[in-house]
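Residue numbers (the UniProt record's numbering): 1 to 360.
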């Protein structure tokens with residue numbers, strides 16, 4: 001060993017144990033928060049003087065422990081929810097508390113089995129070692145156990161940061177994965193933060209539940225278009241990063257005849273126009289011909305020297321993937337066909353698909 005190798009070994013040793021110490025601090029912090037949540041619930045159920053505080057118990061606690069950092073009113077509510085959503089953590093915590101003055105009531109183990117869901121999950125020690133408390137805060141806000149299991153798997157398998165988790169939840173990755181025939185592709189596209197091609201960018205299905213059209217048995221293309229314009233901000237969020245709205249019913253004139261493109265956007269990352277045609281029925285070959293005409297017109301009459309060729313997106317109520325492939329084969333322009341949904345699928349419909357994937 002020379003001097004440079006000695007220095008390298010010292011630095012590697014320091015970094016290794018510093019990382020372990022930091023992770024241990026994070027885990028202990030998470031266990032502290034869970035245990036505080038447990039004690040609050042235990043007091044609310046069995047506290048000798050619980051009637052004195054009633055509904056103001058959290059506020060009373062926050063006032064008494066204001067000298068302890070991180071025990072605000074809102075955080076105490078979060079700790080309660082953490083305990084209620086993840087009761088299985090008691091299995092790990094009880095072993096760590098041996099020899100200390102802190103103990104768990106035996107009743108917790110009697111009721112634990114009744115609280116746990118039947119959905120397969122990682123052992124609590126793995127969750128604690130791989131998830132920060134900030135991860136748990138995002139997970140406990142989800143409305144079903146199967147969603148939490150799905151995102152736990154993604155966090156652990158892909159080493160997601162809290163920001164990556166937030167992004168996945170906000171873009172409904174769970175719902176998209178359950179609906180897609182290419183589940184790995186959906187998850188991979190989430191990992192690629194900046195779209196490089198139109199295929200990376202465009203989603204299928206496109207979830208339009210925010211339009212509020214679920215109760216209508218039949219809708220027209222004009223009603224669908226109007227609803228999108230009325231909820232344009234939500235639509236832009238759904239479509240993803242980089243979309244800028246340009247026009248509705250953009251008129252183009254050829255040979256003294258007028259044609260109208262439903263929606264026109266510009267994508268600042270791909271540097272091109274995206275033309276959207278709305279179809280309330282099933283995709284047909286005529287839809288592809290119409291879009292191909294729009295794109296050719298735009299390339300000849302609307303593109304600037306700094307633009308990339310325009311992209312066409314046909315949003316339809318239904319499609320056959322093989323038919324789409326045959327129809328678009330041989331067309332030089334970039335045309336994509338996505339199915340839209342005006343109602344989110346029921347959790348029961350997704351549960352079997354997600355559980356199967358989680359076991360692979």
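No residue lacks a Cβ here, since even glycine has one placed at the ideal position from N, Cα and C. Computed from a predicted structure; not experimentally measured.
In the DSSP assignment, what are the bridge partners of residue i?
| i | result |
| --- | --- |
| residue 257 | 254 |
| residue 340 | 206 |
| residue 312 | 275 and 335 |
| residue 264 | 247 and 275 |
Please return the same chain residues whose Cβ sits closer than 8 Å to the Cβ of residue i, not counting the five positions on each side in sequence.
| i | result |
| --- | --- |
| residue 129 | 23 and 27 |
| residue 307 | 271, 272 and 273 |
| residue 318 | 281, 282, 283 and 339 |
| residue 29 | 133 |
Near residue i, which residues of its chain fall below 6 Å by C-beta distance, leaving aside the five closest residues on each side in sequence?
| i | result |
| --- | --- |
| residue 109 | Caution is warranted here: a pLDDT of 47 is assigned to residue 109, below 50, making its placement in the model unreliable, and no coordinate value can be reported. |
| residue 208 | 340 and 342 |
| residue 351 | 146 |
| residue 174 | 147 and 150 |
| residue 250 | 261 and 264 |
| residue 13 | none |
| residue 295 | 310, 312 and 333 |
| residue 259 | 252 |
| residue 336 | 202 and 313 |
| residue 277 | 262, 291 and 314 |
| residue 235 | 228 |
| residue 222 | none |
| residue 36 | 79 |
Could you give the DSSP three-state label for residue i: helix, strand or coil?
| i | result |
| --- | --- |
| residue 376 | Residue 376 cannot be examined here, being either before or after the span of the chain that is shown, 1 to 360. |
| residue 270 | coil |
| residue 246 | strand |
| residue 307 | coil |
| residue 12 | helix |
| residue 319 | coil |
| residue 282 | strand |
| residue 122 | coil |
| residue 69 | coil |
| residue 49 | coil |
| residue 92 | helix |
| residue 17 | helix |
| residue 213 | coil |
| residue 22 | helix |
| residue 177 | helix |
| residue 37 | helix |
| residue 141 | coil |
| residue 220 | coil |
| residue 330 | coil |
| residue 226 | helix |
| residue 197 | coil |
In the DSSP assignment, find the alpha helix (DSSP H) that holds residue i and state where it starts and stops.
| i | result |
| --- | --- |
| residue 62 | 57-64 |
| residue 289 | 285-301 |
| residue 147 | 145-158 |
| residue 233 | 232-239 |
| residue 131 | Element bounds for residue 131: n/a, residue is neither H nor E. |
| residue 169 | 162-170 |
Sorted by chain position, which residues of the same chain lie with C-beta nearer than 7 Å to residue i's C-beta, five sequence neighbours on each side aside?
| i | result |
| --- | --- |
| residue 33 | 79, 82 and 133 |
| residue 53 | 60 |
| residue 256 | none |
| residue 65 | 71 |
| residue 172 | 207 |
| residue 229 | 248 |
| residue 231 | 210 and 211 |
| residue 137 | 78 |
| residue 125 | 92 |
| residue 140 | 81, 82 and 85 |
| residue 213 | 219, 227 and 342 |
Evaluate the contact criterion for the segment 300-319 versus the segment 165-176: three or more CB pairs, one atom per stretch, below 8 Å.
no
Could you tell me whether the segment 46-61 touches the segment 152-165, using the rule of 3 or more Cβ pairs below 8 Å?
no
Tell me whether the segment 277-292 and the segment 240-248 touch, counting them as touching only if at least three CB pairs, one residue from each stretch, are closer than 8 Å.
no
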